[in-house]
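Student:
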Amino acid sequence: MRAMVAAALMMRAGLAQAYEAGDMVFRGGVATVSLQYVPTDPSGAFQPYVGAGINYTLFFDEDVDGQNEGVLGPGDLDLDASFGLALQAGFDYALSDKWFVNAGVWWVDIDTDATFTFGSSQRTTDVEIDPFVDSISLGYRF
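Next comes the structure, spelled out in structure tokens:
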């Protein structure tokens with residue numbers, strides 16, 4: 127078994143881009159710590175793996191979309207930070223002794239409470255984001 131520690135921004139364009147989900151616009155980052163199980167011989171070119179771990183999601187720059195504010199007036203949105211499960215599966219394929227290609231998919235359990243405030247009215251609801259994130263990368267072993 128090999129251990130892998132990953133702390134990465136899940137959002138594709140980093141934190142410079144806002145994302146929309148229903149009535150919410152937000153930015154956020156996900157840090158994940160996981161263990162991977164590699165069932166094959168480590169000297170082989172093809173290295174499939176599965177993994178599990180925990181993630182921490184922090185939201186910031188939350189806002190209510192413009193349509194709701196047009197109807198209800200100026201509003202505010204607060205998303206609580208989230209801890210959850212992270213699952214992954216993928217493979218590394220050796221191109222040479224140093225270079226390899228990696229492909230993988232992650233599922234991240236992100237559940238948060240969203241608090242909407244319009245004037246003196248406030249409403250809190252549970253939000254499940256739970257994205258699948260895929261990646262293909264080129265790597266180099268030192």
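To convert a position in the sequence shown, counted from 1, into our numbering, add 126.
In this text, a Cβ means the ideal position worked out from N, Cα and C, and glycines have one as well.
Once DSSP output is grouped into helix, strand and coil, what is the label at residue 166?
Tutor: Of the three classes helix, strand and coil, the one that applies to residue 166 here is coil, per DSSP.
Student: Under three-state DSSP, which class holds residue 258?
Tutor: In this structure, residue 258 counts as strand in the three-state DSSP scheme.
Student: With DSSP run on the structure shown, which of helix, strand or coil describes residue 283?
Tutor: Beyond the ends of the chain as shown, which are 127 and 268, falls residue 283; an answer cannot be given.
Student: Is residue 174 helix, strand or coil by DSSP?
Tutor: DSSP places residue 174 in strand when its eight states are reduced to three.
Student: Grab me the residues of residue 266's own chain with a C-beta within less than 7 Å of its C-beta, minus the 5 sequence neighbours each way, in chain order.
Tutor: Cβ within range, chain order: 224 and 225.
Student: In the DSSP assignment, find the beta strand (DSSP E) that holds residue 211 and state where it starts and stops.
Tutor: Element bounds for residue 211: 208–220.
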